[in-house]
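Peer 1: The structure's right below; bear with me while I get my questions together.
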Amino acid sequence: MQWSELEREVIRCIRCGACQSVCPVFREMRAESTVARGKISLIRAVIRGEVDAAGPAFAERMSWCLMCRACQESCPSGVNLGELMLAARRKLAEDNGLPLLKRLIFRLGLRNRRLFELGMGLGAIFQGLLLRPAPGGGGMLPRLPMGLDRRRLVSPVVARPFRARVPARVDAAGARGTVALFTGCMINYVYPRIGEAVVAVLTRNGFNVVIPAGQHCCGTPVYVNGDVPTAVELARATVDAFADLDADAVITACGSCGAALRKEYGPLLANEPGYAEKVARLAAKTRDFAEFLAAAGLTSAMKGLAATVTYHDSCHLARSQGVRGQPRELIAAVPGLTFTELKAPARCCGAAGSFSLSHYGLSRKINDHKVDDIAAGGADIVATGCPMCLMHIRDGMNQRGVGGEVLHTAELLARAYGEEGI
Amino acid sequence: MAAIKGIVGAENVLEAYEDRYCYTYDASAVTAGREGTPALVVYPGSAAEVSALLVLANAHKIPVIPRGAGSNVSGGSIPRAGAMVMVLTRMNRIVIIDRRNMIAEAEAGVITADFQAEVEKLGLFYPPDPASKAFSTLGGNVAECAGGPRGAKYGVTRDYVLGLEAVLPTGEIVKTGARTMKCVAGYDLTRLITGSEGTLAVVTKVIVKLLPLPEAKKTLLAVFADMDRAAETVSQVFMAGVVPTTLELLDNIYIRNIEEYVHIGLPVDAEAVLLIEVDGDPAVLDKQAGIIARICREQGATEVKVARDAKEADELWVARRAAFAAMSRVRPTVIGEDCTVPRDRIPEMVRAIRAIAAKYDIIIAVLGHAGDGNLHATILTDERDREEMARVEQAAAEIFTATLAMDGTLTGEHGIGLVKKKYLPLEMGEGGMMAMRAIKRALDPNNILNPDLI
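Chains as they are written, first to last, in the working numbering: chain R, 1 to 422; chain Y, 1 to 454.
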């Protein structure tokens with residue numbers, strides 16, 4: 001790819017500055033180079049030969065984006081900053097290569113599913129050396145300075161991943177349909193209980209759930225860091241595993257995974273012969289858990305839950321997939337529950353996948369606004385549709401001493417059904 | 001540099017080239033580029049810091065370019081090499097909202113829409129509503145004397161500014177005006193600085209008057225087969241004693257492109273659409289809407305829709321809100337002019353714009369805040385096409401001449417900036433330019449504050 005190929009998109013930015021009112025990164029950093037208008041002008045400058053794309057300063061500024069797509073939503077000329085950032089990072093990765101750690105994880109680990117699973121398994125065993133349980137439970141804190149902030153509450157990798165815990169098919173009594181579950185890495189390796197909740201709630205409501213073996217990472221973590229070759233391999237693996245399954249829908253329970261399956265695979269696999277049709281089929285079939293369930297309708301009565309619950313919109317669920325009302329509908333249907341809205345439910349929580357590791361301080365500051373919003377509302381439970389948001393908001397509440405639980409919408413519903421252990 | 005960091009703190013100075021480069025533009029088509037990249041960008045936190053920076057800059061003759069969000073469309077905050085860009089966004093405190101006296105005082109960096117939301121919580125109203133209000137600052141609005149669609153009834157920023165705290169280029173902190181509705185002490189420095197585009201002083205605090213928040217609104221949409229009839233309707237509405245909050249006119253190019261984009265059932269062969277809003281006491285709104293609807297029909301409107309509730313009103317506004325996005329789909333570069341003429345000359349001006357577009361073979365659509373004669377001639381082009389850009393430049397110059405010939409002004413609300421600098425003498429005359437230069441020299445003897453604008 002050449003930088004000049006981006007010209008057609010960048011000149012559509014009329015520099016009005018509207019992105020300033022919504023960009024979470026700009027809000028913290030204030031510098032024009034951190035907001036969409038500034039980043040676009042830097043890409044323009046690279047095309048004109050006024051800024052050196054090979055220098056570290058340019059790459060750093062391209063990294064200051066959460067991919068939350070809030071600017072896209074507010075842009076009067078509809079400039080697709082997300083795609084521009086992806087293209088820029090892809091070009092930077094092509095030209096400069098990836099940092100060593102990312103290269104090891106993406107190329108060696110993620111490209112080989114068995115090796116990745118082995119690595120995650122070893123991680124589960126050895127993480128105790130590096131992490132200690134946080135006082136009061138809820139997660140682990142780093143024991144040593146190792147690039148992670150020592151206050152960073154991370155959820156440990158589980159000893160037995162979700163896919164090793166559940167059978168490949170769970171049947172519902174008197175089923176009205178069958179769905180396939182794309183688990184994603186966070187659910188498989190970190191939050192298997194979300195996966196269990198998804199299966200429990202779907203089967204209770206009359207859907208058989210198949211969990212195809214051979215599924216792997218959706219590719220988002222590598223894609224957003226510019227490693228397109230690895231992302232293409234992962235996308236192909238997902239499409240191969242799911243496109244031809246005999247299922248009514250492919251269910252995702254992670255905002256980013258769902259956005260990848262529905263939106264990103266098209267452009268990513270555009271040059272892969274024989275994939276266009278399969279990609280379209282998969283995209284058309286993919287539904288977020290809450291979106292699918294709200295459309296299908298709840299057929300099984302919940303016991304109820306006496307709690308005040310609020311909801312955080314994951315960027316990739318709300319803005320990329322347009323799923324906003326459905327989870328709220330499901331939550332409001334729980335008997336005995338009181339639902340309250342946050343002041344700014346769709347504002348990015350600052351997690352943004354590996355952004356929260358590479359830019360932890362900034363990511364925390366962005367998260368502080370979310371935690372303030374949650375604390376002001378006083379809800380007992382924050383529900384959300386994305387495990388990455390869930391981890392980051394939990395971390396924020398822990399750091400700030402704000403009480404309350406953070407649950408995936410599926411976990412909340414499973415609890416309302418009286419499921420054990422959720 | 002050490003002295004500057006000493007004043008504002010190292011964390012409030014940007015030095016990296018890539019960061020400085022992002023201050024070479026504003027929302028206009030002008031950019032300073034690599035050659036005009038400023039030497040540094042500073043974020044002062046108080047009037048005292050602004051003063052210390054200006055004293056330093058004045059002593060070393062460093063050009064200073066003050067700005068808020070950099071959202072002006074006139075090229076009013078474009079730096080030059082060696083300049084210090086001064087960003088006021090850290091100063092974003094609302095000092096007081098005084099309900100008893102219906103005034104408020106806020107720092108320059110407060111975002112206009114945030115300020116409006118705060119005063120509206122108390123049942124008060126700050127009317128100026130530039131399209132950029134969600135991200136532009138009060139200080140920037142004052143410096144540019146920003147307007148907006150509500151101007152037809154409520155005027156522009158200067159009509160609300162009672163007083164200022166501002167720092168002169170030589171470092172003196174001055175307080176102008178008062179917290180009172182009346183104040184005739186001394187020269188009206190408040191009005192001199194308001195709209196001076198950052199050439200005379202750096203605004204650090206603003207005292208504004210507030211109105212009671214109108215209880216309700218009513219929205220109408222009228223479709224016309226004939227542009228003259230639509231324009232005549234505008235004057236007739238005012239002559240009937242009704243002052244609409246907003247009176248927006250969309251021409252056929254806008255209508256067609258909006259309809260193609262959002263499919264809301266606009267008649268694509270209509271010559272003009274008027275979108276009219278009245279606000280105030282709900283008891284009289286229906287009566288006012290009735291008068292406007294009657295006048296529209298009398299003037300030959302083919303269709304008049306009156307929104308029955310907020311939801312229907314919102315549907316009528318869809319067209320207006322989609323206007324810009326619809327246009328940006330046509331050509332990649334969109335340039336919005338804001339020549340303004342007396343209300344009754346709108347049809348003449350629209351005809352002139354069309355003739356000029358035909359002459360230079362370019363697309364110019366017209367959207368206007370017709371209630372105040374403020375027309376946005378929207379030039380749709382492609383900045384990469386040099387030959388076409390040259391024709392665009394010629395067409396713009398001809399629009400300016402036509403505007404002045406119709407007793408209009410080059411700019412109703414965007415400001416002169418670098419974009420229209422060379423045309424200003426056409427409007428001001430030699431005497432006017434001389435007076436402006438004399439004022440500039442008296443207040444800014446070393447010509448450090450936004451020096452390229454005058």
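Heads up, the beta-carbon is just placed ideally off N, CA and C, and yes, glycines get one too.
Figure out for me which residue from Y:A27, Y:D344 and Y:G429 has the closest Cα to the Cα of Y:F135.
Peer 2: Numbered from 1 along the second sequence, position 135 holds the residue referred to as residue 135 of chain Y. The candidate whose alpha carbon is nearest that of Y:F135 is Y:A27.
Peer 1: Could you list which residues in chain R have their beta carbon closer than 9 Å to that of Y:R93, in chain order?
Peer 2: Numbered from its first residue, the second sequence carries residue 93 of chain Y at position 93. In chain order: nothing, as chain R lies at least about 15 Å away.
Peer 1: Just checking my contact of Y:V95 with Y:Y43 at CB under 8 Å: how many whole Å lie between their CB atoms?
Peer 2: Residue numbering aside, residue 95 of chain Y sits at position 95 when the second sequence is read from its first letter. Residue numbering aside, residue 43 of chain Y sits at position 43 when the second sequence is read from its first letter. About 19 Å; that fails the 8 Å criterion.
Peer 1: Check whether the Cβ of R:R61 lies closer than 8 Å to any Cβ atom in chain Y.
Peer 2: One-based indexing of the first sequence puts residue 61 of chain R at position 61. It does; some Cβ of chain Y falls within 8 Å.
Peer 1: Could you check where the beta strand (DSSP E) with Y:V366 kicks off and where it finishes?
Peer 2: Start at 1 with the first residue of the second sequence, and residue 366 of chain Y comes out as number 366. Element bounds for Y:V366: I363 to H369.
Peer 1: May I ask you to report which of helix, strand or coil DSSP gives Y:M436?
Peer 2: Working through the second sequence from its first residue, we reach residue 436 of chain Y at position 436. In the structure shown, Y:M436 sits in a helix (DSSP, three-state: H, G or I).
Peer 1: Would you say Y:R384 reaches chain R, if we count a Cβ-Cβ gap shorter than 8 Å as a contact?
Peer 2: Position 384 of the second sequence holds residue 384 of chain Y. At least one chain R Cβ lies under 8 Å of Y:R384.
Peer 1: Evaluate R:T299 with the Cβ neighbour count: other Cβ atoms within 10 Å of its Cβ, from every protein chain shown; 16 or more gives buried, anything less gives exposed.
Peer 2: The residue you call residue 299 of chain R lines up with position 299 of the first sequence. Exposed.
Peer 1: May I have the straight-line CA-CA distance separating R:L261 from R:T286, to the nearest angstrom?
Peer 2: Working through the first sequence from its first residue, we reach residue 261 of chain R at position 261. Working through the first sequence from its first residue, we reach residue 286 of chain R at position 286. Approximately 7 Å between the Cα atoms of the pair.
Peer 1: Give the secondary structure of R:M67 by DSSP, where H, G and I count as helix, E and B as strand, and everything else as coil.
Peer 2: Residue mapping note: residue 67 of chain R aligns to position 67 of the first sequence, counting from 1. It is coil, neither helix nor strand.
Peer 1: Can you find a C-beta in chain R that's less than 8 Å from the C-beta of Y:T89?
Peer 2: Looking up residue 89 of chain Y in the second sequence gives position 89. By this cut-off, Y:T89 is an interface position.
Peer 1: Determine the extent of the beta strand (DSSP E) in which Y:D98 is found, giving its start and end residues.
Peer 2: Taking the second sequence and counting its residues from 1, one reaches residue 98 of chain Y at position 98. Its beta strand (DSSP E) spans residues I94 to D98.
Peer 1: Runs of 4 residues minimum, wholly inside the stretch 269-320 of chain R: which ones carry the alpha helix (DSSP H) assignment?
Peer 2: 276-285 and 289-296
Peer 1: Sort Y:D407, Y:A442 and Y:K440 by Cα distance to Y:L426 and report the nearest one.
Peer 2: Here residue 426 of chain Y is taken as the residue at index 426 of the second sequence, counted from 1. When Y:D407, Y:A442 and Y:K440 are compared, the shortest CA-CA separation from Y:L426 is found for Y:D407.
Peer 1: Determine whether the Cβ of R:L42 lies closer than 8 Å to any Cβ atom of chain Y.
Peer 2: By one-based count along the first sequence, residue 42 of chain R stands at place 42. It does; some Cβ of chain Y falls within 8 Å.
Peer 1: Ignore the nearest five residues each way along the sequence and tell me which others in R:C19's own chain have a CB closer than 7 Å to its CB.
Peer 2: As a working note, residue 19 of chain R is residue 19 in the first sequence. Excluding residues within five positions, the ones whose Cβ falls inside 7 Å are V35, A36, R37, C71, S74 and C75.
Peer 1: Check the Cβ of R:V157 against every Cβ in chain Y and list those closer than 7 Å, keeping chain order.
Peer 2: Here residue 157 of chain R refers to the residue found at position 157 of the first sequence. None at all; the shortest Cβ gap to chain Y is about 37 Å.
Peer 1: Closest Cβ-Cβ distance between R:A173 and chain Y: below 8 Å?
Peer 2: Here the question's residue 173 of chain R lines up with position 173 in the first sequence. No, no contact with chain Y.
Peer 1: Helix, strand or coil: which one does DSSP assign to R:R38?
Peer 2: Against the first sequence, residue 38 of chain R aligns to sequence position 38. Checking the sequence shown, residue 38 of chain R turns out to be Gly, not Arg. Three-state result, R:G38: helix.
Peer 1: Evaluate R:N271 with the Cβ neighbour count: other Cβ atoms within 10 Å of its Cβ, from every protein chain shown; 16 or more gives buried, anything less gives exposed.
Peer 2: Within the first sequence, residue 271 of chain R is the residue found at index 271, counting from 1. Counting Cβ neighbours within 10 Å, R:N271 comes out exposed, since fewer than 16 surround it.
Peer 1: Should Y:Q299 go down as buried or exposed, given a rule of 16 or more other Cβ atoms within 10 Å for buried?
Peer 2: For the purposes of this step, residue 299 of chain Y is taken as the residue at position 299 of the second sequence. It counts as buried.
Peer 1: Tell me the rounded alpha-carbon separation between R:K102 and R:F58.
Peer 2: Translated into the one-based positions of the first sequence, residue 102 of chain R becomes position 102. Translated into the one-based positions of the first sequence, residue 58 of chain R becomes position 58. About 19 Å.
Peer 1: Classify Y:H263: buried if its beta carbon has 16 or more other beta carbons within 10 angstroms, exposed otherwise.
Peer 2: The count along the second sequence starts at 1 and reaches residue 263 of chain Y at position 263. Looking at its Cβ environment, which holds fewer than 16 other Cβ atoms inside 10 Å, Y:H263 is exposed.
Peer 1: So for Y:P169, helix, strand or coil by DSSP?
Peer 2: Numbered from its first residue, the second sequence carries residue 169 of chain Y at position 169. Of the three classes helix, strand and coil, the one that applies to Y:P169 here is coil, per DSSP.
Peer 1: Within its chain, find whatever has a CB closer than 8 Å to the CB of Y:A216; leave out the 5 residues flanking it on each side and keep chain order.
Peer 2: Here the question's residue 216 of chain Y lines up with position 216 in the second sequence. Taken in chain order, the residues that qualify are D279, G280, D281, P282 and L285.
Peer 1: Looking at the unbroken beta strand (DSSP E) that takes in Y:F115, where does it start and where does it end?
Peer 2: Counting from 1 along the second sequence, the entry for residue 115 of chain Y is found at position 115. Segment T112 to K121 is the alpha helix (DSSP H) holding Y:F115; no beta strand (DSSP E) there.
Peer 1: At 8 Å on the CB atoms, spell out the chain R contacts of Y:V334, in chain order.
Peer 2: For the purposes of this step, residue 334 of chain Y is taken as residue 334 along the second sequence, with counting starting at 1. I14 and S77, listed in chain order.
Peer 1: Specify, as a first and last residue, the run of the beta strand (DSSP E) that R:G177 falls within.
Peer 2: Counted from its first residue, the first sequence places residue 177 of chain R at position 177. Looking at the DSSP string, the run of the beta strand (DSSP E) that includes R:G177 is G177 to F182.
Peer 1: So Y:T458 is in the alpha helix (DSSP H); what residue range does that whole segment cover?
Peer 2: In this structure chain Y extends from 1 to 454, so residue 458 of chain Y is not present and cannot be described.
Peer 1: Sort out for me which residues DSSP pairs Y:K217 with in a bridge.
Peer 2: Translated into the one-based positions of the second sequence, residue 217 of chain Y becomes position 217. In DSSP, Y:K217 forms a bridge with Y:D279.
Peer 1: Since R:G325 is in the alpha helix (DSSP H), which residue starts that stretch and which ends it?
Peer 2: Position 325 of the first sequence holds residue 325 of chain R. It spans G325 to A332 - the alpha helix (DSSP H) in which R:G325 sits, taken as one unbroken run.
Peer 1: Between R:R27 and chain Y, is there a C-beta pair that is closer than 8 Å?
Peer 2: Residue 27 of chain R sits at position 27 when you count from the first residue of the first sequence. So, not an interface residue.
Peer 1: Taking R:G258 as the reference, which of R:G385, R:Y191 and R:M62 has the closest Cα?
Peer 2: Counted from its first residue, the first sequence places residue 258 of chain R at position 258. Looking at the Cα atoms, R:G385 is the closest of the given residues.
Peer 1: Is R:V51 close to chain Y? Criterion is C-beta to C-beta, closer than 8 Å.
Peer 2: Taking the first sequence and counting its residues from 1, the one referred to as residue 51 of chain R is at position 51. True, the Cβ-Cβ gap to chain Y drops below 8 Å.
Peer 1: Are the CB atoms of R:F289 and R:T340 within a distance shorter than 8 Å?
Peer 2: For this step, residue 340 of chain R is matched to residue 340 along the first sequence. For this step, residue 289 of chain R is matched to residue 289 along the first sequence. Going by C-beta atoms, R:T340 is not nearer than 8 Å to R:F289.
Peer 1: By alpha-carbon positions, which one of Y:E197, Y:T176 and Y:L56 ends up nearest to Y:D188?
Peer 2: Sequence index remark: in the second sequence, residue 188 of chain Y carries index 188 (1-based). When each option's Cα is compared against that of Y:D188, the closest is Y:T176.
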